[in-house]
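If you read the sequence shown in full-length UniProt numbering, its first letter stands for residue 1, the second for the next number, and so on.
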Amino acid sequence: MPPPNCSVAPSYAAEAAAASLLLLECALGALGNAAALWTFFFRLKVWKPYAVYLFNLVLADLLLAACLPFHAAFYLRHKSWGLGRASCQWMLFLRSLCRGAGVAFLTTVALDRYLRVVHSRLKVNLLSLRAAWGISVLVWLMTAALTLQSVFLSEDECPGPEPRTGSSFGLIWQEALFFLQFILAFGLILFCSAGLIRTLQKRLRDPRKQPKLQRAQALVAVVGVLFTLCFCPAFLVRILLAVFRGALSCGVLSSMVHAADVTGSLTYLQGVLNPVVYCFSSPAFRRSYRKLFYTLTLRGRKQEAEAPGCELRDSYS
């Protein structure tokens, strides 16, 4: 428990930093994932199970980006919610659902690459598109079931993701779910990375397999780096708060909670950086993002007018 008569003093700098991060993540995440969604619909001609998982990851990131302006407004109003209890609960549920689904599908991508490279003879690698869509629906339903507790939070517990000093079941469940998502997902990603590295060391001499194995290794490595960058700071701050909360002075407790506000906002950076994963998966995405970058510049608009259109092909393996 926190020290008696200890309240967390507001920090306008931390609130402004958190709101600025959320708005930036919203803008960049919406732009990058909208380009990815356009690529799925108009550029990829061959869909495989791997593409289905990435498509659901794009949907989760776009929905999450739509929630971030409301979360930023919460910080700009000095951590107060003025839209009523029902909207607070459902917004918190949708935000938790999309972030959880994004983590789940990102982990599924790493696990899929691991199975296809390290255990290529397993029957699970022969899944049909229908089975992949079924797995995706199951991931959404399981994530929704785990985050449904957000709907039953009381009004004074809405809507922030930062650690609270209370001990209601809803808040304890939110904290436990955050730790569970990080530990399980990060553990699986590390396991997949280690397995791919061992496999690459054994097969690297075969020149026919080098490009495919190197792309798979790079993809899983990128997933691990992104996960570390987005979630490790928030995870460490929450661990410190959970372990030392009863022994912290009011000043230190306030500083830790403000740090949790800022690092919690960093967890949504995943939706901005996921397009890096798409670029490793297919040249169609690399072309789409290059075209978007050029279109946003004067030089790009000139080249766009001069260059003929080209047909992009899927390269999933």
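We treat Cβ as the ideally placed atom computed from N, Cα and C, and that holds for glycine.
Inset, instruction - Count the other C-beta atoms from every protein chain shown that fall within 10 angstroms of the C-beta of S249, then say buried if there are 16 or more, exposed otherwise. - result: exposed
Inset, instruction - Taking all protein chains shown into account, decide if H78 is buried (16 or more other Cβ within 10 angstroms of its Cβ) or exposed. - result: exposed
Inset, instruction - Tell me whether residue 338 sits in a helix, a strand or coil according to DSSP, three-state version. - result: Nothing can be reported for residue 338, as the shown portion of the chain is limited to 1 through 317.
Inset, instruction - Give me the Cα-Cα distance between N125 and G82, rounded to the nearest whole angstrom. - result: 49 angstroms
Legend entry - Secondary structure of A17, DSSP reduced to three states: helix
Inset, instruction - Have a look at L37 and L273 and give me their C-alpha separation to the nearest angstrom. - result: 15 angstroms
Legend entry - C-beta atoms of A65 and N33 nearer than 9 angstroms: yes
Legend entry - Endpoints, alpha helix (DSSP H) assigned at G251: 250 to 266
Inset, instruction - Mind checking which residues open and close the alpha helix (DSSP H) that includes H71? - result: 49 to 76
Inset, instruction - Leaving out five residues on either side along the sequence, give the residues of the same chain with a beta carbon under 7 angstroms from the beta carbon of T143. - result: L97, G100, A101, A104
Legend entry - Rounded separation between V139 and L196 - CA only: 24 angstroms
Inset, instruction - List the whole-angstrom C-beta distance separating L188 from A110, where the pair is believed to meet the contact cut-off of C-beta under 8 angstroms. - result: 7 angstroms
Legend entry - Beta-carbon proximity check, D61 vs G264, cutoff 9 angstroms: no
Legend entry - Own chain residues within Cβ distance below 6 angstroms of F182, not counting five before or after: F231, F235
Legend entry - Residue nearest to V58 in terms of C-alpha spacing, selected from A242, K48, A35, F74: A35
Inset, instruction - Give every residue of the same chain whose Cβ lies closer than 6 angstroms to the Cβ of S193, excluding the five residues on either side of it in the sequence, and list them in chain order. - result: V220, G224
Inset, instruction - Step through the CB atoms of chain D and report whether any lies within less than 9 angstroms of the CB of T267. - result: The chain labelled as chain D is not found in the depicted structure, where only one protein chain is given.
Legend entry - Exposed unless 16 or more other CB atoms sit within 10 angstroms - verdict on A260: buried
Legend entry - Inter-residue CB distance, V222 and F186 (contact presumed, cutoff 8 angstroms): So it is not a contact: roughly 14 angstroms between Cβ atoms.
Inset, instruction - Below 8 angstroms on the Cβ atoms is my guess for Y75 versus A132; work out the distance and round it to an integer in Å. - result: Their Cβ separation, rounded to whole angstroms, is 38 angstroms, which puts Y75 and A132 out of contact at 8 angstroms.
Inset, instruction - Answer with buried or exposed for A19, where buried requires no fewer than 16 other C-beta atoms within 10 angstroms of its C-beta. - result: buried
Legend entry - CA-to-CA distance, V276 to R287, given in whole angstroms: 13 angstroms
Inset, instruction - Please state if the CB of K202 and the CB of L129 are separated by a distance shorter than 9 angstroms. - result: no
Inset, instruction - Put T81 into one of helix, strand or coil per three-state DSSP. - result: It should be noted that the sequence gives Trp, not Thr, for residue 81. Three-state DSSP puts W81 in coil, outside helix and strand.
Inset, instruction - Grab the span of the alpha helix (DSSP H) containing Q270 for me, first residue to last. - result: 270 to 281
Legend entry - Spatially closest choice to Y114 from F41, L28, Y50, by CA coordinates: Y50
Inset, instruction - Please determine, among F191, V257, T267, Y268, the residue with the shortest C-alpha to C-alpha distance to V118. - result: F191
Legend entry - Segment limits, alpha helix (DSSP H) that includes R130: 129 to 147
Legend entry - Three-state secondary structure assigned by DSSP to K202: helix
Legend entry - Inter-residue spacing [alpha-carbon to alpha-carbon] between A16 and L24: 12 angstroms
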